[in-house]
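To start, the structure under review is shown below, and the notes come after it.
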């Protein structure tokens, strides 16, 4: 009898019935644990004996017993079923508790400021969980690169492989230090930006326009800037130093705006808010590590994200 004969998938039910009968000592007693009729259990035993060409049980009117040489068969099948139960128990635990590695992609500045504190609390709550973090503003294919989760900012793109959940909003604002505004005045319309020193975000050699609105009509301030910088954090520092006006997302400026060390101008000309979204591959069964973090972040920010003013 080949080893594969023990574990053919179509015979698991018959094998489970045989093991239950031996453990219980009778067909009748085994029916309670199996949820089958006595006739169905008996037919399972007969099928096994026919398939193997072996008599597995000695039947008397009072009890059942293993034939001597078939005890090995029973022990092997019992071990296989016990191992399957262990696998089921392990997977049930993994389904209920976050384990494994959470592979997470996020924008650098936003992730460092606002996602890492939540992730730190999450990892502290679940010691069996670890995380692999990527900080980048470039587009990455989550499915191809094996990511569980990403933070993306802006309107979603149509993608049948992705699910998305908006957890907060980003608002760009024009601001400057009180010292700068006292020296140079407060612009009242977007067109007056041409008369001011400005600090613009530059990707490569191309500054990113400030997209504002005048009477619901889009207006793009494209410079020239007095200073082009490729870092939001450095732009904020230069604005705090009184160098000029800048255009930054509120998740970077919240503390300064509350404290008054930076002052928003042109508030009536703000652009629309952008959604901040959790994005994850569309799977029928979402891993507990991913679902748990999504739920935690949404709960933390449901009454308003920490930077929203």
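Residue numbers (our numbering): 184 to 492.
Even for Gly, the Cβ is constructed at its ideal location relative to N, Cα and C.
{"query": "N-terminal and C-terminal residue of the alpha helix (DSSP H) that residue 154 is part of", "result": "No information on residue 154 is available, as it lies outside the stretch 184 to 492 that the chain covers here."}
{"query": "DSSP state of residue 426 mapped onto helix, strand, coil", "result": "coil"}
{"query": "Collapsed DSSP secondary structure at residue 124 in the structure displayed", "result": "No statement about residue 124 is possible, as the shown extent of the chain runs from 184 to 492 and does not include it."}
{"query": "Nearest-angstrom Cβ-Cβ length linking residue 483 and residue 433, presumed shorter than 8 Å", "result": "Contact doesn't hold; Cβ gap of about 17 Å is too wide."}
{"query": "Own chain residues within Cβ distance below 8 Å of residue 446, not counting five before or after", "result": "358, 359, 360, 361, 364 and 440"}
{"query": "Exposure of residue 199, with buried meaning 16 or more beta-carbon neighbours within 10 Å", "result": "buried"}
{"query": "For residue 382 and residue 338, believed in contact at Cβ under 8 Å, the rounded distance", "result": "Rounded, the Cβ-Cβ distance is 26 Å, inconsistent with contact."}
{"query": "Outcome for residue 377 when other beta-carbon atoms lying within 10 angstroms are tallied against a minimum of 16", "result": "exposed"}
{"query": "DSSP-derived helix/strand/coil call for residue 259", "result": "helix"}
{"query": "Residue 389 - partner residues in DSSP beta bridges", "result": "386"}
{"query": "Rounded C-alpha distance that separates residue 296 from residue 438", "result": "12 Å"}
{"query": "Closest residue to residue 462 among 346, 293, 396 and 391 (Cα-Cα distance)", "result": "346"}
{"query": "Residue of 202, 211, 307 and 419 minimising C-alpha distance to residue 261", "result": "202"}
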